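The structure under discussion appears below in the form of structure tokens.
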Amino acid sequence: MNQQESKNIIELLKQGDQKTLEKIYLDNREGFLNFSRKYNVDESDAIDIYQDSILILRDNAVNGRIDNLQSNISTYLFAIGKYRIYHNFRVQSRLKMTNDFDLVEENLDFDVNLYGPVVTKEQQLLKKYYDELGERCKSILNLFYYQGYNLDEIRSILNYSNKKVLKSQKSRCIKQLKDLINKHYGKS
Amino acid sequence: MENHDLIDRYFENSLSPKEQQLFNDLLQNDSNFKDEFIFQKDLKQVIAVSQQEELKSRLSHIEDNVQKSSRFMIIPKKWMVAASLLVLTTLGIWSVKSLYYPSNEVIYEDYFQVDRNTIQPVVRGESLKTIEYRAFVAYEAQDYYKAINLFNSVKTPDEAYIIYYKGLCFLALEKSDEAIALLSEVATQPALDSETADFREKANWYLAMAYLKNNETEKAISRLSLITNNPSSNFKKQEAQEVLGYLK
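So the sequence lines, in the order shown, correspond to chains A and B. My numbering puts the first residue of the first sequence at 1, with every later residue one more than the last. My numbering puts the first residue of the second sequence at 189, with every later residue one more than the last.
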């Protein structure tokens, strides 16, 4: 895989392309499981770690952290998985550790809970009601807050006639969430 | 500009320095503004978590399918070869004995694939522009001549992994004698740590490939047997068994 291919893949991940992610998952699964067997990691733990690594890969792609990645996606994915195996199981290996630290210095975030867990009661409620929102609202909010598109881009992706209509739609979605939360607390 | 536009622009990363100043002032002095901002910040976090859960459940679903299908779909390569040989024989090609078993060259072509770079994930960055880093860039780009030159100039040319990857470069260039010399060195190193032990195991597999390339079947068999007889080895174990099946 050359650098241009990596770039294309990262671009597809940013756009939320599911097929690409599934292909990456399937292409590297066997290799990763073989690799973790060497460290006597349980198959079910290894699958957990592998899935977390895929989540991290996707998040890092979406957040623009790996825009300048020069290695191929598999190498990067393995680096994340390795890092997590070391941290979960404290496998000692001087050489590999130092190489992973180089990546840490690159400010690449290998932690799965990049955003911190949902802890406060408000956040939990917000999550419950967000999950119940209609598809229209969800896609606007998702494109804006997660995928990081700006309003002009979202206007063209979702085919709004103008930005103002989109903005008021977005405000309505947010208001809907607030109303649901207020209602929950018994405020009107 | 209205206040909620400022918040939108914050999330779009497009506040000008002046707007940023205004944004900070409002955050300190206007409690409604602050509440609104915190609400949207929470929303951003909640959506990200929701996205993670969604992907996680999709992956679990894919995983279930993989595990289900792997129970039925494993067709050993040996059977495939056997099946194709059966076809050939029923076609009446009896006299060409060499067709019964794949030649060493064919096995090599089927099985040889350079090892992925597990040492140095290549990420652009100022601090990482060492010769070793550049060597791995060249290796991944399949520019093996350049990689060999760079591997020759790294700070620690005697490390097992450097010799190993250099050997793979030669093998990829079909220079099997050079590859054999280097990989033998790796394969006979005392395994002081798990790192070296890893490369020792992998080197055995590639040595076998190099011997096949050179048509030195006995030597290839002895390397492959080292892999299949080593209980702690996992690298290419199944493939080693398959190839042994063809050779013996």
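The beta carbon of each residue, even a glycine, is placed where N, CA and C say it ideally should be. All values reported here derive from a predicted model rather than from experimental measurement.
Query	Result
Given that a residue counts as buried once 16 or more other Cβ atoms are within 10 Å of its Cβ, and exposed if not, what is N292(B)?	buried
Check the Cβ of I235(B) against every Cβ in chain A and list those closer than 8 Å, keeping chain order.	Y130, L141, N142, Y145, Y146
According to the neighbour-count rule (16 or more other Cβ atoms, all chains shown, within 10 Å of its Cβ), is T75(A) buried or exposed?	buried
Any beta carbon from chain A within less than 8 Å of S204(B)'s own beta carbon?	no
Have a look at I409(B) and Q330(B) and give me their C-alpha separation to the nearest angstrom.	28 Å
Hey, how far is the Cα of L287(B) from the Cα of S139(A)?	Residue placement at L287(B) is poorly supported in this model, since its pLDDT is 46, which falls under 50; the coordinates still yield a value, given next. About 59 Å.
Cα-Cα, which of Y50(A), S156(A), N28(A), Q123(A) is closest to V237(B)?	Q123(A)
From this set, V269(B), L370(B), A348(B), which residue's C-alpha is nearest P378(B)'s C-alpha?	A348(B)
Could you check whether the Cβ of N148(B) sits closer than 8 Å to any Cβ belonging to chain A?	Coverage of chain B is limited to positions 189 through 436, which leaves residue 148(B) absent and any answer about it impossible.
Rounded to a whole number of angstroms, what is the C-alpha to C-alpha distance between E207(B) and L194(B)?	7 Å
Determine the direct distance from the alpha carbon of G31(A) to that of K343(B), and round the result to whole angstroms.	30 Å
Roughly how many whole angstroms lie between the Cα atoms of E366(B) and F78(A)?	29 Å
Please list the terminal residues of the continuous alpha helix (DSSP H) segment that includes V62(A).	43–62
Strictly under 8 Å for the Cβ-Cβ distance: is S74(A) near chain B by that measure?	yes
By the criterion of Cβ-Cβ separation under 7 Å, what are the contact partners of Q240(B) in chain A?	L55
Span of the alpha helix (DSSP H) holding F358(B)?	348–360
Just to make sure I have the definition right: I need the residues of chain B whose C-beta is within less than 8 Å of the C-beta of N88(A). Which are they?	Near N88(A) there are no residues of chain B at all, since even the closest Cβ is about 16 Å away, more than 8 Å.
Measuring straight from C-alpha to C-alpha, what distance separates D100(A) and N72(A)?	In this prediction, D100(A) has a pLDDT of 47, which is less than 50 and means its spatial position is unreliable; what the coordinates show is noted afterwards. Each residue's alpha carbon lies about 16 Å from the other.
Report the rounded CA-to-CA distance for H184(A) versus K178(A), giving the unit in angstroms.	10 Å
Taking only beta-carbon positions, decide if F32(A) is within less than 8 Å of chain B.	no
Helix, strand or coil for Y185(A) per DSSP?	coil
Establish whether the CB of K38(A) and some CB of chain B are separated by less than 8 Å.	yes
For the alpha helix (DSSP H) containing F437(B), list its first residue and its last residue.	As shown, chain B starts at 189 and ends at 436. That puts residue 437(B) outside it, with no answer to give.
Ends of the alpha helix (DSSP H) at Y160(A)?	Segment: none, Y160(A) is in no alpha helix (DSSP H) and carries neither H nor E.
Going by beta-carbon coordinates alone, are Y394(B) and L359(B) separated by less than 8 Å?	yes
Within this structure, are the beta carbons of L412(B) and A428(B) separated by less than 8 Å?	yes
What number of angstroms, rounded off, separates the C-alpha of S53(A) from the C-alpha of E11(A)?	18 Å
Would you kindly work out how many angstroms separate the C-alpha atoms of Y353(B) and K334(B), rounded to a whole number?	13 Å
Does chain B have any CB closer than 8 Å to the CB of S156(A)?	no
Hey, is D365(B) close to the ligand SAH, as in C-beta under 7 Å from one of its heavy atoms?	The ligand SAH is not part of this structure, which contains no ligands at all.
Check the Cβ-Cβ distances between I351(B) and every residue of chain A, and say whether any is below 8 Å.	no
Note down the Cα distance separating D346(B) from Y130(A), rounded to an integer number of angstroms.	57 Å
Give me the subset of the region 316–332 of chain B whose CB atoms are less than 9 Å from a CB atom of chain A, sorted by chain position.	L316, Y321, F324, V325, E328, A329, Q330
Since L141(A) and I336(B) should fall inside the 8 Å C-beta cutoff, what is the C-beta to C-beta distance between them, to a whole number of angstroms?	52 Å between Cβ atoms; not a contact.
Mind checking V234(A): buried by the 16 CB within 10 Å criterion, or exposed?	This structure cannot settle anything about residue 234(A), because the visible part of chain A is limited to 1 through 188.
For F101(A), which three-state DSSP category applies?	Its pLDDT being 44, under 50, F101(A) is placed unreliably by the model, and the measurement read from it follows with that caveat. Note: F101(A) maps to helix in three-state DSSP.
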